[in-house]
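Worksheet: one structure, shown below.
Residue numbers (the numbering used here): 23 to 106.
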């Protein structure tokens, strides 16, 4: 595995903005999909449809949360770089 360069400020800024934006988008989309799967459950759709939609929406939510944590870690590295 390649060693990460933790000294480069622009690297951390790019990663911070990428993971922050993608994490927010995935979290929002996952929550919307979860609500939609709840609507599917109470309509006349087949069981596999709302189960699959709910499972995929939970995957999107967890991916979004993980991306937000990754963004936060790069923000902390930027703050540490400022304090040096």
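For glycine and all other residues, C-beta sits at the position ideal for the given N, C-alpha and C.
Query                                                                                                  : Result
Sequence-distant residues of its chain with Cβ nearer than 6 Å to residue 55 (five each side left out) : 79
Residue 106, DSSP secondary structure in three states                                                  : coil
Integer-rounded CB distance, given that residue 41 should sit under 8 Å from residue 92                : 4 Å
Status (buried if at least 16 other CB within 10 Å, exposed otherwise) for residue 32                  : exposed
Pair within 8 Å by beta-carbon distance, residue 76 and residue 49                                     : no
Rounded separation between residue 62 and residue 52 - CA only                                         : 15 Å
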